[in-house]
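Participant: Quick note on UniProt numbering: the sequence shown kicks off at 1 and runs consecutively.
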Amino acid sequence: MLDPNIMWENWKTIFLSVADFHAPERTKKVRSEYAPWITENIKQTMRRRDFLKKKAVKTGSKHFHDAYKRTRNDLNRLIKNTKAIYFTNTLNDCDNNTKKIWKTINKLTNKQSKTTVISEIQNDNQNLTKKHEIADALNSHFNEVASRLVNNMPQSSRTFESYVTRSDTQFTIQNVSLTKVYKLLSTIKTSKSVGHDRIPGKLLRDAAE
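1. Would the C-beta of I118 count as close to the ligand MG, meaning under 8 Å from any of its heavy atoms?
2. Under the DSSP definition of a beta bridge, which residues are partnered with N76?
3. Quick one: grab the DSSP three-state call for L128.
4. Can you tell me the Cα-Cα spacing of L184 and K202, whole angstroms?
5. Is it a yes or a no for the stretch 41-61 touching the stretch 72-84, going by three-plus beta-carbon pairs under 8 Å?
6. Nearest-angstrom Cα distance between I101 and L78?
7. Report the start-end ranges of each alpha helix (DSSP H) in the stretch 21-74 that is 4 residues or longer and not cut off at the edges.
8. Going straight from the alpha carbon of D197 to that of E25, what length do you get?
9. Given a cut-off of 9 Å on the beta-carbon distance, is the pair S191 and A208 in contact?
10. Are the CB atoms of K55 and S61 nearer to each other than 9 Å?
11. The alpha helix (DSSP H) that contains N175, what's its start and end?
12. Closer than 8 Å is the cut-off here; do at least three beta carbon pairs connect the stretch 34-42 with the stretch 80-94?
13. Decide if L128 is buried, meaning its Cβ has at least 16 other Cβ atoms within 10 Å, or exposed.
14. Who pairs with N123 in a beta bridge, going by DSSP?
15. According to DSSP, simplified to helix, strand and coil, what is N5?
16. Using the three-state DSSP reduction, which class does E209 fall into: helix, strand or coil?
17. Just mark Y68 as buried or exposed, buried being the case when its beta carbon has 16 or more other beta carbons within 10 Å.
18. Report, in whole angstroms, the separation of the C-beta atoms of I173 and P4, which I expect to be a contact under 8 Å.
19. Taking only the alpha-carbon atoms, compute the straight-line gap between K58 and D66 and give it to the nearest angstrom.
20. Alpha carbon to alpha carbon, how far is V150 from S157?
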């Protein structure tokens with residue numbers, strides 16, 4: 001009898017090797033900053049600026065170099081004006097709510113929440129201030145908390161098997177038609193993130209087609 005786990009591993013190895021050859025993964029840098037004021041017009045101008053820069057570097061042409069500088073300056077002004085308008089409209093929507101205003105400002109300026117630094121803790125009626133002492137005390141606490149809970153639990157003669165209801169139901173793997181597999185692959189949502197198997201949903205759906 002064939003082991004389904006072995007069959008799955010063999011199929012995954014073959015599929016990934018073919019995918020790596022025909023559709024290798026590419027690393028793409030993605031900006032993480034929150035920039036909702038970036039409009040389609042700004043994106044088009046960015047692409048135009050990048051195109052002219054490549055042309056200027058590749059050809060050394062003064063025409064492309066001057067065009068690149070003009071587009072770059074136009075883009076900077078466009079971003080500045082669009083950003084100012086967006087900030088003004090967004091803050092006006094806060095309706096003089098101070099809490100909402102500061103929350104909006106922190107979001108728009110990509111201000112990260114501050115990490116609380118523990119400078120002192122009390123352990124066994126002692127105040128610990130040194131970093132390694134605090135780390136050791138916290139480590140000891142979390143290492144011992146489970147054993148303390150176990151010691152405080154009432155003793156029982158029952159084993160964990162006694163809590164499980166036995167069943168006579170048998171599990172069998174039925175044959176699946178190619179049509180059903182194709183239908184399932186065709187309905188995969190490509191927006192879902194990749195799992196631990198490293199196989200994107202879009203790749204599976206495209207391969208099925």
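Built from N, CA and C at the ideal position, the CB exists for glycine as well.
Facilitator: With the structure as the only source:
1. The ligand content of the structure shown is nil, which means the ligand MG is not present either.
2. Position 76 of the sequence shown, counted from the first residue, corresponds to residue 76. In DSSP, N76 forms no bridge with anything.
3. Indexing the sequence shown from 1 puts residue 128 at position 128. L128: strand per DSSP, three-state reduction.
4. Taking the first residue of the sequence shown as 1, we reach residue 184 at position 184. Taking the first residue of the sequence shown as 1, we reach residue 202 at position 202. The straight-line gap from Cα to Cα measures roughly 13 Å.
5. yes
6. Counted from its first residue, the sequence shown places residue 101 at position 101. Counted from its first residue, the sequence shown places residue 78 at position 78. The straight-line gap separating the alpha-carbon atoms of I101 and L78 is approximately 25 Å.
7. Whole alpha helix (DSSP H) segments, 4+ residues: 40-59.
8. Counted from its first residue, the sequence shown places residue 197 at position 197. Counted from its first residue, the sequence shown places residue 25 at position 25. In a straight line, the C-alpha of D197 is about 14 Å away from that of E25.
9. Position 191 of the sequence shown, counted from the first residue, corresponds to residue 191. Position 208 of the sequence shown, counted from the first residue, corresponds to residue 208. Not in contact: S191 and A208 (Cβ atoms no closer than 9 Å).
10. What you label residue 55 is simply residue 55 of the sequence shown in a count that begins at 1. What you label residue 61 is simply residue 61 of the sequence shown in a count that begins at 1. Yes, the pair counts as a contact, with Cβ atoms nearer than the cut-off.
11. Position 175 of the sequence shown holds residue 175. Element bounds for N175: n/a, residue is neither H nor E.
12. yes
13. Working through the sequence shown from its first residue, we reach residue 128 at position 128. The C-beta of L128 has 16 or more other C-beta atoms within 10 Å across all chains shown, which makes the residue buried.
14. Counting from one through the sequence shown, the residue named residue 123 turns up at place 123. N123 pairs with Q126.
15. Walking along the sequence shown from the start, residue 5 turns up at place 5. Helix, per DSSP.
16. Against the sequence shown, residue 209 aligns to sequence position 209. Looking at E209 - three-state DSSP - the assignment turns out to be coil, as it is neither helix nor strand.
17. To locate residue 68, count along the sequence shown from 1; it is residue 68. Label assigned to Y68: buried.
18. Within the sequence shown, the letter at position 173 stands for residue 173. Within the sequence shown, the letter at position 4 stands for residue 4. The pair is a contact, with the Cβ atoms about 7 Å apart (cut-off 8 Å).
19. Within the sequence shown, numbered from 1, the residue matching residue 58 stands at position 58. Within the sequence shown, numbered from 1, the residue matching residue 66 stands at position 66. Taking the straight line joining both Cα atoms gives about 14 Å.
20. Here residue 150 corresponds to residue number 150 of the sequence shown, with the count starting at 1. Here residue 157 corresponds to residue number 157 of the sequence shown, with the count starting at 1. Roughly 15 Å separates the two Cα atoms.
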